[in-house]
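Participant: Quick one: the structure is below, and I'll ask about it shortly.
Residue numbers (the numbering used here): 245 to 810.
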């Protein structure tokens with residue numbers, strides 16, 4: 245069933261719609277809950293302010309009616325009420341700390357008789373709001389002369405009941421100093437010593453312009469949470485019903501809209517079985533009709549494409565076959581039998597060339613000029629593919645032919661350069677390193693035509709990059725005077741020639757193999773032969789590049805000078 249587009253479309257639309265409704269419901273619940281909570285708090289603050297105003301007016305009337313003077317109202321002397329032995333003896337299982345709390349909380353003043361009858365009724369009126377837990381007047385010390393009637397019962401000797409129901413005549417210590425503040429109100433979370441958690445709103449009470457204390461309202465957090473939870477339940481039920489109705493309607497509409505597509509699917513299945521001559525009947529002008537007409541054109545075009553593809557594939561296979569033959573011919577043009585001169589023990593040589601494409605632009609070569617002089621070459625032609633391969637063949641042929649004429653090495657390179665530059669409309673060039681080694685003495689002549697400097701050294705003295713003059717690459721400018729470098733190598737020295745396909749090889753993280761890494765491999769190598777050295781380097785390159793595609797030809801040539809054994 246899940247394979248059908250109509251089912252999947254309905255399913256995913258329901259998921260999207262359900263997600264939207266869920267997110268909106270969560271937002272709505274949080275928003276309405278916050279609004280309800282803020283409404284409760286604002287109601288509590290307003291009640292605290294109202295109570296403070298009423299208490300201020302009431303106490304002002306006490307002074308104005310000469311019941312008490314202002315000094316008597318502000319007399320903060322408190323007299324502790326001793327705990328009767330009859331009550332104390334009943335607290336058998338109560339800790340000394342709890343008994344001490346009962347003892348130290350209860351006090352009395354000369355105003356209690358008046359305030360008990362005057363303000364208790366006013367305070368109890370605030371219980372008309374079901375969220376109110378208490379509403380009391382406190383002086384600047386936190387003393388409550390008269391609590392609400394439900395908390396103003398006499399002590400019975402039951403600690404739990406007495407702590408909950410006998411809360412009048414106590415001092416309530418306030419961490420936020422709500423009794424002493426003259427701010428319009430203070431809102432705080434209040435943890436009652438009976439275990440309830442509530443919001444407490446306090447507002448200052450002034451008597452004849454002087455701060456006397458505060459009026460406090462306690463709002464039940466539990467009742468507020470119950471109201472919020474009830475709101476959440478109603479919203480969830482309402483949104484769930486709306487989602488259910490929407491899903492049913494969506495399913496019906498999707499099924500109706502998918503009928504033309506189902507018909508198209510049945511017709512397409514005939515074409516999928518190979519009948520490319522079949523044309524789908526189009527009865528609609530909407531997107532489904534456009535799709536059917538496009539499909540009919542596609543089958544017609546597909547017939548033509550298959551014919552063209554068959555012809556193209558045949559041509560491509562023929563070209564690939566020819567390239568493979570060219571690749572094989574190119575490899576055979578390079579020295580490929582090792583050791584190439586088994587009877588010559590003065591040196592050991594080995595080389596490899598791996599093209600990045602079917603044919604390469606890199607090449608190496610080596611040959612004798614006479615009995616003692618041995619020439620070795622490495623070159624890298626610009627570009628890749630067939631053009632580079634053809635330029636490589638020309639360059640190799642010219643170098644070997646000119647070298648055999650026994651000219652000075654820089655003249656040989658200059659002659660090849662002039663030949664390559666002539667009629668070079670493609671602007672191709674070849675970086676080339678050519679060395680001529682006298683096997684009897686170890687004298688070495690070098691011409692470097694823009695190529696990478698070789699590494700030279702031995703396991704005792706170490707290895708380094710050879711310092712040579714950098715001439716231009718072959719094929720760029722004619723009549724260039726190439727500089728020749730002279731050096732002398734000693735038995736045991738190894739010389740490594742390479743193309744930039746080595747040092748510029750990339751790994752999957754697009755890091756370069758680099759000249760420094762190549763030099764370090766030479767320094768750490770324990771290879772005893774040129775072949776072993778070349779194969780060790782090739783292995784390190786493969787380990788470095790891993791699965792990364794080869795981007796350039798890789799050519800390495802190693803020469804080890806053993807000295808004249810005669």
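Using N, Cα and C, we set each Cβ at its ideal position, and we do this for glycine too.
Which of helix, strand or coil does DSSP assign to residue 448?
Facilitator: Counted from its first residue, the chain shown places residue 448 at position 204. Residue 448: strand per DSSP, three-state reduction.
Participant: Please say whether residue 717 and residue 673 have beta carbons closer to each other than 8 Å?
Facilitator: Indexing the chain shown from 1 puts residue 673 at position 429. Indexing the chain shown from 1 puts residue 717 at position 473. Yes, Cβ-Cβ distance for residue 673 and residue 717 is below 8 Å.
Participant: Is there contact here, the segment 686-697 with the segment 730-738, by at least three beta-carbon pairs under 8 Å?
Facilitator: As far as the Cβ criterion goes, the segment 686-697 touches the segment 730-738, which means the pair count is three or higher.
Participant: Can you give the beta carbon distance from residue 778 to residue 594, rounded, assuming they're within the 8 Å contact cut?
Facilitator: Numbered from 1 along the chain shown, position 534 holds the residue referred to as residue 778. Numbered from 1 along the chain shown, position 350 holds the residue referred to as residue 594. That belief holds up - the Cβ atoms of residue 778 and residue 594 are roughly 5 Å apart, short of 8 Å.
Participant: The beta strand (DSSP E) with residue 689 in it runs from where to where?
Facilitator: Locating residue 689 in the chain shown gives position 445, where the first residue counts as 1. That run of the beta strand (DSSP E) goes 687-693.
Participant: On the DSSP letters alone, give me the boundaries of the beta strand (DSSP E) that residue 457 sits inside.
Facilitator: For the purposes of this step, residue 457 is taken as the residue at position 213 of the chain shown. First-last of the beta strand (DSSP E) with residue 457: 454-464.
Participant: Can you tell me which of the three DSSP states residue 286 falls into?
Facilitator: For the purposes of this step, residue 286 is taken as residue 42 along the chain shown, with counting starting at 1. In this structure, residue 286 counts as helix in the three-state DSSP scheme.
Participant: Between which two residues does the beta strand (DSSP E) containing residue 657 stretch?
Facilitator: Here residue 657 is taken as the residue at index 413 of the chain shown, counted from 1. Premise fails: residue 657 lies in the alpha helix (DSSP H), 653-665, not in any beta strand (DSSP E).
Participant: Report buried or exposed for residue 379, applying the criterion of at least 16 other Cβ atoms within 10 angstroms of its Cβ.
Facilitator: By 1-based counting over the chain shown, the position of residue 379 is 135. Residue 379 comes out buried.
Participant: Considering only DSSP beta bridges, list what residue 605 is partnered with.
Facilitator: Here residue 605 is taken as the residue at index 361 of the chain shown, counted from 1. Beta-bridge pairing links residue 605 to no other residue.
Participant: Per DSSP, what kind of secondary structure is residue 442 in: helix, strand or coil?
Facilitator: Along the chain shown, one-based indexing puts residue 442 at 198. In the structure shown, residue 442 sits in a strand (DSSP, three-state: E or B).
Participant: Only counting the same chain, and skipping five residues up and downstream in sequence, which positions put a Cβ closer than 7 Å to that of residue 628?
Facilitator: Indexing the chain shown from 1 puts residue 628 at position 384. 600, 601, 605, listed in sequence order.
Participant: Report back the beta-carbon spacing between residue 300 and residue 433 to the nearest angstrom; my notes put them in contact at under 8 Å.
Facilitator: Reading the chain shown from its first residue, position 56 is the one you call residue 300. Reading the chain shown from its first residue, position 189 is the one you call residue 433. Wrong, their Cβ atoms sit about 26 Å apart, outside the cutoff.
Participant: Taking the alpha-carbon positions, what's the residue 704 to residue 734 distance?
Facilitator: Residue mapping note: residue 704 aligns to position 460 of the chain shown, counting from 1. Residue mapping note: residue 734 aligns to position 490 of the chain shown, counting from 1. Straight-line Cα distance between these residues: approximately 12 Å.
Participant: Along the beta strand (DSSP E) that carries residue 592, what are the first and last residues, could you check?
Facilitator: As a working note, residue 592 is residue 348 in the chain shown. First-last of the beta strand (DSSP E) with residue 592: 591-598.
Participant: If you check the beta carbons only, do residue 592 and residue 799 fall under 8 Å apart?
Facilitator: Taking the first residue of the chain shown as position 1, residue 592 is located at position 348. Taking the first residue of the chain shown as position 1, residue 799 is located at position 555. No, the Cβ-Cβ distance between residue 592 and residue 799 is not below 8 Å.
Participant: Going by the beta-carbon positions, is the gap between residue 618 and residue 640 smaller than 8 Å?
Facilitator: In the chain shown, the residue the question calls residue 618 occupies position 374. In the chain shown, the residue the question calls residue 640 occupies position 396. Their beta carbons are not under 8 Å apart, which means residue 618 does not touch residue 640 by this criterion.
Participant: Provide the residue span of the beta strand (DSSP E) that contains residue 680, from first to last.
Facilitator: By one-based count along the chain shown, residue 680 stands at place 436. Note, residue 680: beta strand (DSSP E), 674-682.
Participant: Please state if the CB of residue 479 and the CB of residue 269 are separated by a distance shorter than 8 Å.
Facilitator: Residue 269 sits at position 25 when you count from the first residue of the chain shown. Residue 479 sits at position 235 when you count from the first residue of the chain shown. Cβ atoms of residue 269 and residue 479: closer than 8 Å.
Participant: Measuring alpha carbon to alpha carbon, tell me which of 316, 386, 431 ends up nearest residue 412.
Facilitator: For the purposes of this step, residue 412 is identified with residue 168 of the chain shown, where counting begins at 1. Nearest C-alpha to residue 412: 386.
Participant: For residue 470, tell me which candidate among 375, 426, 541, 401 has the shortest Cα-Cα distance.
Facilitator: As a working mapping, residue 470 is identified with position 226 in the chain shown. The option with the nearest alpha carbon to residue 470 is 375.
Participant: So residue 365 is in the beta strand (DSSP E); what residue range does that whole segment cover?
Facilitator: Working through the chain shown from its first residue, we reach residue 365 at position 121. No beta strand (DSSP E) contains residue 365, which is instead part of the alpha helix (DSSP H) from 356-368.
Participant: Return the first residue and the last residue of the alpha helix (DSSP H) that residue 317 is part of.
Facilitator: As a first step, residue 317 must be located in the chain shown, where it is residue number 73. 314-317 is the span of the alpha helix (DSSP H), which, as asked, contains residue 317.
Participant: Check this for me: beta carbons of residue 491 and residue 258, under 8 Å apart or not?
Facilitator: Residue numbering aside, residue 491 sits at position 247 when the chain shown is read from its first letter. Residue numbering aside, residue 258 sits at position 14 when the chain shown is read from its first letter. For residue 491 and residue 258, yes; Cβs fall inside 8 Å.
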